[in-house]
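Data first, discussion second: the structure below is written as structure tokens.
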Amino acid sequence: MKTYLKICIIDEQDDGAFISDLLKSEFPEFIFLLHISNIEDVSFYLARNTPDILFLNIRLIDEKAVQLFSKFRKNLSQIIFITDSEAHAIQAIKRGITDYLLKPLKKLDFVLAVNKALESIHKQKVLVYNSSFHNKINIPTLQGFRRISIDEIIRCEADSNYTFIYLLDKTKVIVSKTLHDFELYLSEFNFFRIHHKHLINLDHLKEYIKGRGGQVIMADNSVLDVAVRKKTDFLYRVESIE
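Using this note's numbering, read the sequence shown as starting at 65 and increasing by one per residue.
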């Protein structure tokens, strides 16, 4: 069975078709889901998709490009900058780009760069798979602690210096820790604090209802308010989820 790879080519120099043809001819073992765009139009695509490899076929990494990719760098597996200037390539590396290719593109260099990117993608997937066995949190109890899978947590709710944790099995755990303590730890696991009282697992979000701040409906059918000051960041996070 062939593997699907999502590729985005940001093309300002009319080489997008050439790059896609190289990919198809040199890596026939993959099925490529290609998106070719210019830097003006790519923001909408990247907000809704996470490509495995992003090719930057642009003249230089200017401030506009830096601002754009600073938003998405955490989600992108590999970024390959294509340029005809070694000086621009060095600047790109300094700004966080993972690899570069100099023009005119040489087939061997291209294959080596893509293979390097594929190797990194494979390592990241193995790391994520292995870490899934350790995605648990210790919840203190009077007798000791309870070990809970983070995926089972639907939401956390603040109550003064206590936090109520609501789980998929419809049970509720009360912990003598503040919601801020859980926010610090769980934010890297796709949790988002929508309100001073509510920290939610975005994987268990069912519905968003429009309003001044709006409301969310979670997997346990709870209806929670979204704070007005949190609304923009919340919607951005949700729209960025693939």
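The beta carbon of each residue, even a glycine, is placed where N, CA and C say it ideally should be.
From a predicted model like this one, the values you see are computed outputs, not experimental measurements.
Measure the beta-carbon distance from residue i to residue j and round it to whole angstroms, keeping in mind my assumption that it falls under 8 Å.
i	j	result
F119	I73	5 Å
I214	N199	5 Å
I258	V290	5 Å
I100	L87	I100 to L87, Cβ: 11 Å. No contact.
T147	L176	In fact, because the Cβ distance is near 17 Å, the residues do not count as touching under 8 Å.
Hey, how far is the Cα of residue i from the Cα of residue j?
i	j	result
E221	T227	6 Å
N121	A153	11 Å
D284	L69	34 Å
S251	S224	20 Å
L263	Y249	11 Å
H268	I217	8 Å
R219	V287	11 Å
F253	D116	20 Å
K236	R211	14 Å
Y272	A111	18 Å
Y164	R301	29 Å
F256	I103	29 Å
L172	T114	27 Å
M282	N265	9 Å
Tell me where the alpha helix (DSSP H) around residue i begins and ends.
i	result
E247	243 to 250
D85	80 to 90
In chain order, what residues of the same chain lie with their CB nearer than 7 Å to the CB of residue i, ignoring the 5 residues before and after it?
i	result
K295	G277, G278
Ignore the nearest five residues each way along the sequence and tell me which others in residue i's own chain have a CB closer than 6 Å to its CB.
i	result
S84	L98
I143	L118, I161, T162
Return the first residue and the last residue of the beta strand (DSSP E) that residue i is part of.
i	result
A222	217 to 223
V290	That residue, V290, is in no beta strand (DSSP E); it is neither H nor E in DSSP.
F255	255 to 259
S107	Not the beta strand (DSSP E): S107 falls in the alpha helix (DSSP H), residues 106 to 110.
K270	269 to 273
Who are residue i's beta bridge partners in DSSP?
i	result
I229	C220, V237
In chain order, what residues of the same chain have a beta carbon less than 8 Å from the beta carbon of residue i, not counting five sequence neighbours either side?
i	result
E76	N102, I103, N121, I122, R123
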